[in-house]
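Enquirer: Here it is: the structure, laid out below.
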Amino acid sequence: MSNDVNNDLNDGRNERKNDGGQDGRNSDTAVVERELELKLVLSPERSIPVPALLSYRSDDPYAVHVTFHLGTDHPVSWTFARELLVEGVFRPCGHGDVRAWPTKVGGRGVVLMALSSPDGDALLEAPAAQVSAWLERTLRAVPPGTEAARLGIDDGLAELLAPTPADDLWLCDPWPSDESKDGE
């Protein structure tokens, strides 16, 4: 392993290209990951550390994934809009299940994330500098405004809406006119 790769792994960052599966799809998928320690805020005076993995895949360009390792066999994963987290680094945003906003705690910048589910609510504190650096890497992998092109939505819609020979059958009148052609 090169020193650059070792350094990336040692500080919890990882970026790689996926060579694709057996069917050959997603051959240029970029994966941007970062391990970091969040704090689960229990009260203004008390929080506990929660190891987490931030993950972004260019083949799912609108979403970010956060996996919380809670010391159990089954980590807890959340998926939400990358745009929400990008905005949440600068100003309060989101509503409903996921909200994010910047603040200062002990003189350092953090991003707070409030997550709500039927199983309960959680307030998590993430270091703003580390989240911002990771988000910048995702934005380099798939710049804002280019997400739809990565998904091929336009090509898929064009294929779906393209006329087929069977369309001619649907477009013709299945019942002849009641009027006689010879004027009777």
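Residue 2 is where the sequence shown starts when you use the numbering used here, and the numbers rise one by one after that. C-beta atoms are modelled at their ideal positions from N, C-alpha and C, and glycine is treated no differently.
Looking at the structure shown, is residue 64 part of a helix, part of a strand, or coil, going by DSSP?
Expert: Counting from one through the sequence shown, the residue named residue 64 turns up at place 63. In the structure shown, residue 64 sits in a strand (DSSP, three-state: E or B).
Enquirer: So, using beta-carbon positions, are residue 59 and residue 143 closer together than 7 Å?
Expert: Taking the sequence shown and counting its residues from 1, one reaches residue 59 at position 58. Taking the sequence shown and counting its residues from 1, one reaches residue 143 at position 142. Yes, they are a contact pair.
Enquirer: State the start and end residues of the unbroken beta strand (DSSP E) segment that holds residue 1.
Expert: The chain is shown from 2 up to 185; residue 1 falls before or after that span and cannot be answered.
Enquirer: Using three-state DSSP, classify residue 133 as helix, strand or coil.
Expert: The sequence position of residue 133 within the sequence shown is 132, counting from 1. Of the three classes helix, strand and coil, the one that applies to residue 133 here is helix, per DSSP.
Enquirer: Assuming residue 102 contacts residue 89 under a Cβ cut-off of 8 Å, what Cβ separation, rounded to an integer in Å, is found between them?
Expert: The residue given as residue 102 occupies position 101 in the sequence shown. The residue given as residue 89 occupies position 88 in the sequence shown. Rounded, the Cβ-Cβ distance is 6 Å, consistent with contact.
Enquirer: Residue 148 lies in the alpha helix (DSSP H); which residues open and close that run?
Expert: Taking the first residue of the sequence shown as 1, we reach residue 148 at position 147. Where residue 148 is concerned, the enclosing alpha helix (DSSP H) stretches over 148-152.
Enquirer: I'd like to know whether the C-beta atoms of residue 57 and residue 139 end up nearer to each other than 7 Å.
Expert: Counted from its first residue, the sequence shown places residue 57 at position 56. Counted from its first residue, the sequence shown places residue 139 at position 138. Yes, Cβ-Cβ distance for residue 57 and residue 139 is below 7 Å.
Enquirer: For the alpha helix (DSSP H) holding residue 84, just list the boundary residues, first then last.
Expert: Looking up residue 84 in the sequence shown gives position 83. Run containing residue 84: 83-89, per the alpha helix (DSSP H) assignment.
Enquirer: Are there 16 or more other CB atoms within 10 angstroms of the CB of residue 160, so buried, or fewer, so exposed?
Expert: Counted from its first residue, the sequence shown places residue 160 at position 159. Exposed is the call here.
Enquirer: Say whether the stretch 67-82 touches the stretch 144-159, bearing in mind that this needs 3 or more beta-carbon pairs closer than 8 Å, one atom from each stretch.
Expert: They do not touch, by the three-pair rule.
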